[in-house]
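Heads up: the structure comes next, in structure tokens.
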Amino acid sequence: MEFMSGRCFQVEIDGIRSSTRMLKVGCVQGSILGPRLFTIYMRKLEELCTSTNIHLTAYADDTYVCVAGPSTNEIKPIIEEAMGRHDDFLLSVGMRTNVAKTELIYFSRKPIEKSILEVKNQKITPSPSIKILGIKFDEHFTWETHFKSLKKKAMLIINKLKFLEKLMNRDQMKRILTSHFFGTIYYGSPVWLTELTSSVHWKAMNSLHYRALRTAVKDNKRLWHRQDLNKAFERATPIQWMKYSCSKLAINLYNLGEGGPPLSQALINSVYVNDRNASRAYFRDTSRTKIGRHSIVNRISCIREIKFDWTKKPSTHVLRIELKKTFIT
Numbered sequence: 105m106e107f108m109s110g111r112c113f114q115v116e117i118d119g120i121r122s123s124t125r126m127l128k129v130g131c132v133q134g135s136i137l138g139p140r141l142f143t144i145y146m147r148k149l150e151e152l153c154t155s156t157n158i159h160l161t162a163y164a165d166d167t168y169v170c171v172a173g174p175s176t177n178e179i180k181p182i183i184e185e186a187m188g189r190h191d192d193f194l195l196s197v198g199m200r201t202n203v204a205k206t207e208l209i210y211f212s213r214k215p216i217e218k219s220i221l222e223v224k225n226q227k228i229t230p231s232p233s234i235k236i237l238g239i240k241f242d243e244h245f246t247w248e249t250h251f252k253s254l255k256k257k258a259m260l261i262i263n264k265l266k267f268l269e270k271l272m273n274r275d276q277m278k279r280i281l282t283s284h285f286f287g288t289i290y291y292g293s294p295v296w297l298t299e300l301t302s303s304v305h306w307k308a309m310n311s312l313h314y315r316a317l318r319t320a321v322k323d324n325k326r327l328w329h330r331q332d333l334n335k336a337f338e339r340a341t342p343i344q345w346m347k348y349s350c351s352k353l354a355i356n357l358y359n360l361g362e363g364g365p366p367l368s369q370a371l372i373n374s375v376y377v378n379d380r381n382a383s384r385a386y387f388r389d390t391s392r393t394k395i396g397r398h399s400i401v402n403r404i405s406c407i408r409e410i411k412f413d414w415t416k417k418p419s420t421h422v423l424r425i426e427l428k429k430t431f432i433t
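Numbering (the working numbering), first residue to last: 105 to 433.
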């Protein structure tokens, strides 16, 4: 059976629906084959828009053009040229750039002049933050914007927990906390929740964590000890979860090997393995060198606490159990 057979669509504007028409081309949303077909379809885009100065990152239909340079004046023409080639390619395959959803952000630790881009007579104004796959990045990498958004979402869920607590037992509340609350606040946490996270944000994470647990047991007078709350709901503390999730990600990236992303190669280069006893492999500590202080290993120093043999590519189940023994239990 053909991939597009038996599929149709309608368009609705202001409550008025068009007639039904059959689909002859496209990519079915939610299908297993869809993302792979779309990736193959868009593959040539990387060849057209990637060079020594331009890095292209794509996930499904989200594409990001990244350019690094000493000043905005130098990178502006490079971005405009890359975006022009990007738009030409989309037109050649029957698509077009959605300028309304196109965002521009300049990342810099210091204040810089922000230039407006002009791509095919359409202007793109810089934004102070950008949302990438559900995580908000601000122009100074402070995560302030992301934490504000995270706190707002968490408080909405906590307010709903106050109502649900009256209707559900402890086990039901545990499942709701795991799937809705903690699934929300820890989404993408290895990216923004690390040992370099500011004390203000760590305090906010702890506050949200225990506020949700106290709401679930209706502990308005704060009679429960924090350790008892975590035990009752089988929850790790925020710092324990950070160490667990970051270490699991680091080991998985390491095990991708030579063909993995640049971060994977950086981890491989930071590992020392004793030939006589492979179980004694560990991540190097290069914090004494100027460059070493900023290496990925030293930014997430918790991965040096791992005690078991993680160099033999353990299964997902084994890795999860061993890391829980190391950081949580």
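From the three backbone atoms N, C-alpha and C, an ideal C-beta is built for every residue, glycine too.
Member of L127, W247, V171, N334 whose CA lies at the smallest distance from the CA of V106: Locating residue 106 in the sequence shown gives position 2, counting from the first residue. Looking at the sequence shown, residue 106 is not Val but Glu. If we check each option's Cα against that of E106, L127 comes out closest.
Relative to the C-alpha of V377, which residue among Y386, K352, E178 is closest? Here residue 377 refers to the residue found at position 273 of the sequence shown. The shortest C-alpha separation from V377 is found at Y386.
Could you check whether L312 and K240 sit closer than 8 Å to each other, using their CB atoms as the reference points? As a position in the sequence shown, residue 240 is number 136, starting the count at 1. As a position in the sequence shown, residue 312 is number 208, starting the count at 1. Contact: no.
With a cut-off of 8 Å on the beta carbons, I'd call L333 and R318 a contact; round off their distance for me. Residue numbering aside, residue 333 sits at position 229 when the sequence shown is read from its first letter. Residue numbering aside, residue 318 sits at position 214 when the sequence shown is read from its first letter. Yes, they are in contact, since the Cβ atoms of L333 and R318 sit about 7 Å apart, within 8 Å.
Spell out the partners DSSP gives K235 in its beta bridges. For the purposes of this step, residue 235 is taken as the residue at position 131 of the sequence shown. According to DSSP, K235 bridges with K240.
Express the C-alpha separation of L367 and I158 in angstroms, rounding to a whole number. Here residue 158 refers to the residue found at position 54 of the sequence shown. Here residue 367 refers to the residue found at position 263 of the sequence shown. Their Cα atoms are separated by approximately 18 Å.
I'd like to check one pair, L265 with R403: are the Cβ atoms closer than 8 Å? Here residue 403 is taken as the residue at index 299 of the sequence shown, counted from 1. Here residue 265 is taken as the residue at index 161 of the sequence shown, counted from 1. Cβ distance not < 8 Å, so R403 and L265 don't count as in contact.
According to DSSP, is M105 part of a helix, a strand, or is it coil? Here the question's residue 105 lines up with position 1 in the sequence shown. Annotation note: pLDDT 48 at M105 (below 50); position unreliable, coordinate value reported separately. Here M105 sits in coil by DSSP.
Quick one: complete beta strand (DSSP E) runs, 3+ long, within the segment 147-216? 158-163, 166-171
Buried or exposed: where does Y348 fall if 16 or more other Cβ atoms within 10 Å of its Cβ makes it buried? Against the sequence shown, residue 348 aligns to sequence position 244. Its Cβ being crowded by 16 or more others within 10 Å, Y348 is buried.
Counting beta carbon pairs with one atom in the segment 162-171 and one in the segment 180-192, are three or more of them shorter than 8 Å? yes
By the 10 Å Cβ neighbour count, where 16 or more other Cβ atoms means buried, how is L281 classified, buried or exposed? Here residue 281 is taken as the residue at index 177 of the sequence shown, counted from 1. It counts as buried.
M259 beta carbon less than 8 Å from that of T298: By one-based count along the sequence shown, residue 298 stands at place 194. By one-based count along the sequence shown, residue 259 stands at place 155. Not closer than 8 Å, so no.
Quick one: Cα of I410 to Cα of K429, how far? As a first step, residue 410 is located in the sequence shown; it is residue number 306 there, counting from the start. As a first step, residue 429 is located in the sequence shown; it is residue number 325 there, counting from the start. In a straight line, the C-alpha of I410 is about 10 Å away from that of K429.
Counterpart residues of Q226 in DSSP-defined beta bridges: Taking the first residue of the sequence shown as position 1, residue 226 is located at position 122. Partner(s): V223.
Which residues share a DSSP beta bridge with F387? Here residue 387 corresponds to residue number 283 of the sequence shown, with the count starting at 1. DSSP output for F387 lists V375 as bridge partner(s).
Among S391, E184, K278, which one has its Cα closest to the Cα of F337? On the sequence shown, position 233 is the one that residue 337 refers to. Out of S391, E184, K278, K278 has the C-alpha closest to the C-alpha of F337.
Shortest alpha-carbon distance to S196 belongs to which of L149, L208, I220? Within the sequence shown, residue 196 is the residue found at index 92, counting from 1. Here the closest residue by C-alpha is L149.
Distance cut-off 7 Å: L353 Cβ against heavy atoms of the ligand NAD: As for the ligand NAD, it is missing from this structure, which has no ligand bound.
Any idea which residues DSSP pairs M126 with across the strands? Taking the first residue of the sequence shown as 1, we reach residue 126 at position 22. DSSP output for M126 lists C112 as bridge partner(s).
Leaving out the 5 sequence neighbours to the left and right, which residues in its chain are closer than 6 Å to F412 when beta-carbon positions are compared? Counting from 1 along the sequence shown, the entry for residue 412 is found at position 308. Closer than 6 Å at Cβ, skipping near neighbours: E426.
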